[in-house]
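Numbering (my numbering), first residue to last: 163 to 695. Don't be surprised by glycine CBs; every beta carbon is placed ideally from N, CA and C. In what follows, a single structure is set out as structure tokens and then discussed.
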């Protein structure tokens, strides 16, 4: 999802059923990944009393995009011919010609002005390897954009390809920030042929042209799992777009990043089970090439386990400071073959943490304070989640998804403008809060009866003692459910959110909550009017 400056809402259809046959009013069938937009509605003037959609009942209703306001325009679909000679959603190998697969998983849209009346639409394709496309749209009318140029797929060969490009945001300096969602809790599994998802690194081996049986060179695991910045995004030629992985923001299962109005602070969400909430603070505004990485240590409100009431206090644990060049040099040292199996071990993570704290920790069996096995703090940036937990941060979040602000409202607050300060909030979605958020261990122990339906948290922005944007408390804004375990469909109540994923904040402070759920037969975008503001 993306709210554009022309007040349209870009919205994709991700991995729909290939058996869908119903056509919409424009003759489009939603049987493949689709990039689209809701037009005919000015989302800066969306009524507070618009009529909500009824639940789709018929097959015809279930197989198309239904909108309560405006209409949905298909801009491009998987397989559409592109001007660069490829097809929409193509995942192309490093050699620039070999087709690995055609993806049907469009996720994030980032929309950049062309400096005139048109826009470049960047769309993530969430696959293994991943990719991103760019189209150009112009000539907006109430019925849609009259001109659509199907430009091409972004070339990521200069950074060794990308991985599961998920949600994202656009930076204050107008660069799309794509997120690599690296689902490898243990890097050792990158070299384990018995691992359930070993076909994932094998797909990257195919990208490089390496033997997939492990008999030769192997992709370096530390080249994946970062925020990827798309530079020169408004250039008229898609071939001139640049790509750069922001290793300073850590390596984990990035859902997305959001840059604050101080242009130094970046909050980062980590998708998975037993995951961590991260913060990065750049050394200089607008320059993400060096800075400090932090992780959240959580304290749950005492005696409260109701997920609708339990606030979570945040203290930030400093992990380390490094620059992009030094991190990249550390990454290079792990290049090699499958037989080499180069990665940072759990023991090395523990030794590094002991050297940072000067304390013997319980993560190893000895009773000595070990020395850092490396000459730098690479552990913090290459094994960020494990490093965070070793230093005392909380690694218990479950399915952490989108984190976002309304940049205009936040900027007005930061710059002492006229905006209502109560609207200077950041929101974060948890698709689920069961498992590690609802067990009887650790800092977070919620009642998980409705945990499979998810929750959205609200965090008020504040100025900390260092003069940076910060947050100190996560307050539940809306909780999904009830959950009905005995149902075979719509296990989460259809009149409430289920597995919230992408979030956008409108100019009036209302929150758009996009679902990514199997617990509703049809996924929904909700307009949430937060009663707290």
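Query - Three-way DSSP call (helix, strand, coil) for residue 510 in this model - result: For the purposes of this step, residue 510 is identified with residue 348 of the chain shown, where counting begins at 1. Residue 510: helix per DSSP, three-state reduction.
**Report entry** Residue span of the alpha helix (DSSP H) that contains residue 363, given as start and end
**Finding:** Against the chain shown, residue 363 aligns to sequence position 201. Residues 361-370.
Query raised in the report: Going by Cα to Cα distance, which pick from 660, 234, 469 is closest to residue 303?
Result: Within the chain shown, residue 303 is the residue found at index 141, counting from 1. Residue 234 is the option with its Cα nearest to residue 303.
**Report entry** Beta-carbon proximity check, residue 409 vs residue 388, cutoff 7 Å
**Finding:** Taking the first residue of the chain shown as position 1, residue 409 is located at position 247. Taking the first residue of the chain shown as position 1, residue 388 is located at position 226. Here residue 409 is near residue 388, since their CB atoms are less than 7 Å apart.
Query raised in the report: Ends of the alpha helix (DSSP H) at residue 494?
Result: The count along the chain shown starts at 1 and reaches residue 494 at position 332. Residues 486-494.
Query raised in the report: Skipping 5 residues on each side, what residues in its chain have a beta carbon closer than 8 Å to that of residue 241?
Result: Numbered from 1 along the chain shown, position 79 holds the residue referred to as residue 241. Counting only Cβ-Cβ distances below 8 Å, and skipping sequence neighbours, we find 194, 249, 250, 251, 264.
Query raised in the report: What number of angstroms, rounded off, separates the C-alpha of residue 471 from the C-alpha of residue 637?
Result: The count along the chain shown starts at 1 and reaches residue 471 at position 309. The count along the chain shown starts at 1 and reaches residue 637 at position 475. For residue 471 and residue 637, the distance between alpha carbons rounds to 8 Å.
Query raised in the report: Taking all protein chains shown into account, do 16 or more other C-beta atoms lie within 10 angstroms of the C-beta of residue 624, making it buried, or fewer, making it exposed?
Result: Position 462 of the chain shown, counted from the first residue, corresponds to residue 624. Counting Cβ neighbours within 10 Å, residue 624 comes out exposed, since fewer than 16 surround it.
Query - Collapsed DSSP secondary structure at residue 317 in the structure displayed - result: Numbered from 1 along the chain shown, position 155 holds the residue referred to as residue 317. In this structure, residue 317 counts as coil in the three-state DSSP scheme.
Report task. Would you mind working out which of 236, 496, 322, 247 sits nearest residue 299, comparing C-alpha positions? Result -> Against the chain shown, residue 299 aligns to sequence position 137. Considering only 236, 496, 322, 247, the residue with the shortest C-alpha distance to residue 299 is 236.
Query raised in the report: Can you list, in chain order, the residues of its chain whose CB lies under 7 Å from that of residue 663, leaving out five sequence neighbours each side?
Result: Position 501 of the chain shown, counted from the first residue, corresponds to residue 663. Once the five neighbours on either side are set aside, the close Cβ partners of residue 663 are 563, 564, 591, 593, 676, 677, 678.
Report task. To the nearest angstrom, report how far apart residue 557 and residue 432 are at their CA atoms. Result -> Position 395 of the chain shown, counted from the first residue, corresponds to residue 557. Position 270 of the chain shown, counted from the first residue, corresponds to residue 432. About 10 Å.
Report task. Within 10 angstroms of the Cβ of residue 643, are there 16 or more other Cβ atoms? Answer buried if so, exposed if not. Result -> Within the chain shown, numbered from 1, the residue matching residue 643 stands at position 481. Buried, since its Cβ has 16 or more Cβ neighbours within 10 Å.
Query raised in the report: In angstroms, rounded to a whole number, what distance separates the CA positions of residue 509 and residue 526?
Result: Taking the first residue of the chain shown as position 1, residue 509 is located at position 347. Taking the first residue of the chain shown as position 1, residue 526 is located at position 364. Distance between residue 509 and residue 526, taken at the CA atoms: about 7 Å.
Requested in this report: Give the secondary structure of residue 545 by DSSP, where H, G and I count as helix, E and B as strand, and everything else as coil.
Outcome: As a position in the chain shown, residue 545 is number 383, starting the count at 1. It is coil, neither helix nor strand.
Report task. Consult DSSP for residue 625 and reduce its assignment to one of helix, strand or coil. Result -> The residue given as residue 625 occupies position 463 in the chain shown. DSSP places residue 625 within a strand segment (E or B) once states are collapsed to three.
Requested in this report: With distances taken Cα to Cα, identify the nearest neighbour of residue 228 among 286, 258, 186, 635.
Outcome: Within the chain shown, the letter at position 66 stands for residue 228. Residue 228 has its Cα closest to that of 186, out of 286, 258, 186, 635.
Query raised in the report: Going by Cα to Cα distance, which pick from 448, 667, 615, 542 is closest to residue 514?
Result: Locating residue 514 in the chain shown gives position 352, counting from the first residue. Of 448, 667, 615, 542, the residue nearest in Cα terms is 542.
**Report entry** Collapsed DSSP secondary structure at residue 352 in the structure displayed
**Finding:** Stepping through the chain shown from its first residue, residue 352 is reached at position 190. It is helical.
Query - residue 575 versus residue 341: straight-line alpha-carbon distance, rounded - result: Counting from one through the chain shown, the residue named residue 575 turns up at place 413. Counting from one through the chain shown, the residue named residue 341 turns up at place 179. Between residue 575 and residue 341, the C-alpha separation is close to 27 Å.
Requested in this report: Measuring alpha carbon to alpha carbon, tell me which of 355, 286, 296, 407 ends up nearest residue 330.
Outcome: In the chain shown, the residue the question calls residue 330 occupies position 168. Of the candidates 355, 286, 296, 407, the one whose C-alpha sits nearest the C-alpha of residue 330 is 286.
Query raised in the report: Would you call the CB atoms of residue 315 and residue 333 closer than 7 Å?
Result: If you number the chain shown from 1, residue 315 lands on position 153. If you number the chain shown from 1, residue 333 lands on position 171. No, Cβ-Cβ distance for residue 315 and residue 333 is not below 7 Å.
Report task. Quick one: residues in its chain with C-beta nearer than 6 Å to the C-beta of residue 615, no 5 flanking neighbours on either side, listed in chain order? Result -> Position 453 of the chain shown holds residue 615. Same-chain partners within the cutoff: 642, 643, 645, 654, 660.
Query raised in the report: Are the Cβ atoms of residue 201 and residue 306 separated by less than 7 Å?
Result: Numbered from its first residue, the chain shown carries residue 201 at position 39. Numbered from its first residue, the chain shown carries residue 306 at position 144. Their beta carbons are under 7 Å apart, which means residue 201 touches residue 306 by this criterion.
Query raised in the report: Would you call residue 391 buried or exposed, if buried means 16 or more other Cβ atoms sit within 10 Å of its Cβ?
Result: Here residue 391 corresponds to residue number 229 of the chain shown, with the count starting at 1. That one is buried.
Query - Unbroken alpha helix (DSSP H) run spanning residue 572, endpoints - result: The count along the chain shown starts at 1 and reaches residue 572 at position 410. From DSSP, the alpha helix (DSSP H) with residue 572 extends over 569-576.
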